[in-house]
Amino acid sequence: MDIRRALTPAELEAAESLFDGPARKEWSERFLAAPGHLMLIAYVDGVPAGMVSGIEMSHPDKGTEMCLYELSVDEGYRRRGIGRDLTLALAEEAKARGCYGMWVGVDTDNEAALATYDAAGARDEGVFSMRGWPLAP
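Residue numbering for the sequence shown follows UniProt numbering, beginning at 1 and increasing consecutively.
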């Protein structure tokens, strides 16, 4: 397995089976151009097998931390440690960028995600509740 940072919209398009929907060129360009955004893709024999995206978040009194935004492993490649390795690779990148920590929000009943994050050394920091504001017309 080879984990590489995605640098072009073409790389994201080639890995779009790992996303919830198709990779749109204008959104891919915006993501890749944004400071603090990154996507790592795991390749097995040249085939995109998994991806993790992260976004740096900074605050004046806290510094910068990494949010693990999304993790996905193709169904045919699951249970091989790819999700764990992607999570660890993102944590290493966050550390190299000077982030003081990394976090992820995850549904409490998502056993596969919880096991992956635990295997990568994550700690349960307590109850998490998420609220959203749909802004699309």
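C-beta atoms are modelled at their ideal positions from N, C-alpha and C, and glycine is treated no differently.
Measuring C-alpha to C-alpha distances from ARG97 to each of ASP2, CYS67, ASP45 and GLU111 identifies CYS67 as the nearest. Under the three-state reduction of DSSP output, ARG78 falls in the coil class, being neither helix nor strand. In the structure shown, the three-state DSSP call for GLY54 is strand.
Per DSSP, ALA136 is not a residue of any beta strand (DSSP E), being assigned neither H nor E. The DSSP-derived three-state label of SER129 is coil. Separation of the CB atoms of TYR117 and VAL127 is rounded to 16 Å, and the pair is thereby denied contact status at 8 Å.
Taking 9 Å as the cut-off, the Cβ atoms of GLY54 and GLU93 count as close. Runs of alpha helix (DSSP H) with 4 or more residues, each lying fully within the segment 1-33, are found at 9-14 and 25-33, listed in chain order. Contact between the segment 37-56 and the segment 5-18 is established, with three or more Cβ pairs separated by less than 8 Å. If you ignore the 5 residues before and after PRO35, its C-beta comes within less than 8 Å of the C-beta of GLU56, all in its own chain and listed in chain order.
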